[in-house]
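The sequence shown maps to residues 1 to 259 in UniProt numbering. For each residue, glycine too, the CB sits at the ideal point set by N, CA and C. These numbers come from a predicted model, not from an experiment.
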Amino acid sequence: VALPSTSSRMIDVQTKMAGRALELLNLPEGQPCYLLDIGCGSGLSGDYLSDEGHYWVGIDISPAMLDAALDRDTEGDLLLGDMGQGIPFKPGSFDGCISISAVQWLCNANKKSDIPAKRLYRFFSSLYSVLARGARAVLQLYPENSEQLELITTQATKAGFTGGVVVDYPNSAKAKKFYLCLFSGPSTFLPKGLSENQEEEEATESMFTNKRVPHRLAQRGLVRKSREWVLEKKERYRRQGKEVRPDTQYTGRKRKPRF
Numbered sequence: 001v002a003l004p005s006t007s008s009r010m011i012d013v014q015t016k017m018a019g020r021a022l023e024l025l026n027l028p029e030g031q032p033c034y035l036l037d038i039g040c041g042s043g044l045s046g047d048y049l050s051d052e053g054h055y056w057v058g059i060d061i062s063p064a065m066l067d068a069a070l071d072r073d074t075e076g077d078l079l080l081g082d083m084g085q086g087i088p089f090k091p092g093s094f095d096g097c098i099s100i101s102a103v104q105w106l107c108n109a110n111k112k113s114d115i116p117a118k119r120l121y122r123f124f125s126s127l128y129s130v131l132a133r134g135a136r137a138v139l140q141l142y143p144e145n146s147e148q149l150e151l152i153t154t155q156a157t158k159a160g161f162t163g164g165v166v167v168d169y170p171n172s173a174k175a176k177k178f179y180l181c182l183f184s185g186p187s188t189f190l191p192k193g194l195s196e197n198q199e200e201e202e203a204t205e206s207m208f209t210n211k212r213v214p215h216r217l218a219q220r221g222l223v224r225k226s227r228e229w230v231l232e233k234k235e236r237y238r239r240q241g242k243e244v245r246p247d248t249q250y251t252g253r254k255r256k257p258r259f
């Protein structure tokens, strides 16, 4: 049965954001990792992580959303919990963490005893603990204003994280996305946001969606070590903030044997 267009669009947007978050995590190439998905909902982001060959645990405050995830036979382990009460796992459990459209809810006080700054600090300090040293957390969020974003980043810094906010397409009302990139080890280079130039934006987004499932390269007709394969890999590294040599006519060309 075909899904309604709104559901299809929601799934597509969620999957793209999960793909971008995973890209910004900068995990080792071709190595399955154990990841945490905060505010996992019905498991859409988790499905993407599974497709990429990773193992994951999802935590969400909504029993109904977790029931939907179970109904969908999502592959991750699921935990009912409030992230504002802290993340209940052993120190160093995870190789990375993603979160899609969830962290801004910690800024709301749903009852008198809720103090947003305290809930944010409890969340970030426990998140810092459960990540392996040097691991990253990439949290996509929708801040209401600059004050809310500052509150969130201040509590993350107070908990020990370094990093910053990556903004994709900052001049586009529709496509603009905020990703809080946090490093639990020494401070490292913050990746660049995707370009707001309209022509570049379309090209980058189309290249980005092409890169969503690297292990399906063969299905896309990309031959390993070919020029197209090399260019795709270099572009992915650039978006992760790595230094990459400029593309030239010799990129991906086989070297002749030397005698």
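- A straight line joining the alpha-carbon of Ile61 with that of Arg239 spans about 32 angstroms.
- The beta-carbon separation of Phe178 and Pro143, rounded to 6 angstroms, stays under the 8 angstroms limit for a contact.
- Across the set Ala21, Val103, Asp71 and Ile98, the C-alpha of Val103 shows the shortest separation from the C-alpha of Gln85.
- For Ile87, no alpha helix (DSSP H) encloses it, and the DSSP letter there is neither H nor E.
- Cβ contact annotation for Tyr237 (same chain, cutoff 8 angstroms, sequence separation greater than five): Val244, in chain order.
- Arg9 and Pro191 have their C-alpha atoms spaced approximately 27 angstroms apart.
- In the same chain as Lys233, and ignoring 5 residues on each side of it, no C-beta atom comes closer than 6 angstroms to its own.
- For Phe123 and Pro246, the gap between their C-alpha atoms comes out near 41 angstroms.
- By the 16-neighbour rule on beta-carbons within 10 angstroms, Gln155 is buried.
- The Cβ atoms of Leu78 and Ala68 lie no closer than 8 angstroms to each other.
- Under the three-pair Cβ rule at 8 angstroms, the stretch 45-59 does not count as touching the stretch 164-179.
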